[in-house]
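Asker: In the working numbering, the protein residues as written are 2 to 99.
One structure is given below, represented as structure tokens, and several questions about it will come after.
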């Protein structure tokens, strides 16, 4: 009887360790997924901001005004280049060309 209880304790410890390992892997996977989602959100947000800036600069050119060189929004600097029929907005995660 004592030997049987001792074996159960050893097996219970192994089960707990396996469960902890599984939960750790699940947590790491979830954190990785959240990080990817945040990166995608940042890319989409910056692209949307850059597109709005490019459209505004295009409209300035249509009414005869000069393009701005840089615009800072929410701590992010957007660099603008206007030439010919093209407006290019560079931002930290990419660029938009109109």
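No residue lacks a Cβ here, since even glycine has one placed at the ideal position from N, Cα and C.
(1) Out of 56, 48 and 27, point me to the one whose CA is closest to residue 95's CA.
(2) Would you mind sorting residue 13 into buried or exposed? The rule is 16 or more other CB atoms within 10 Å of its CB.
(3) What separation, rounded to the nearest whole angstrom, lies between the Cα atoms of residue 28 and residue 93?
(4) Looking only at its own chain, which residues have a Cβ that is under 6 Å from the Cβ of residue 90, when we skip the five neighbours before and after it?
(5) With burial defined as no fewer than 16 other Cβ atoms inside 10 Å of the residue's Cβ, what is the status of residue 58: buried or exposed?
(6) Whose C-beta lies closer than 7 Å to the C-beta of residue 83 among residues of the same chain, with five residues either side of it excluded?
(7) Cutting at 6 Å between CB atoms, please list the residues of its own chain near residue 72, excluding the five before and the five after it.
(8) Please report how far the alpha carbon of residue 60 lies from the alpha carbon of residue 99, in whole angstroms.
Answerer: In this structure, then:
(1) 48
(2) exposed
(3) For residue 28 and residue 93, the distance between alpha carbons rounds to 30 Å.
(4) 51, 54, 55, 79, 81 and 97
(5) That one is buried.
(6) 58, 62 and 68
(7) 54 and 79
(8) 11 Å
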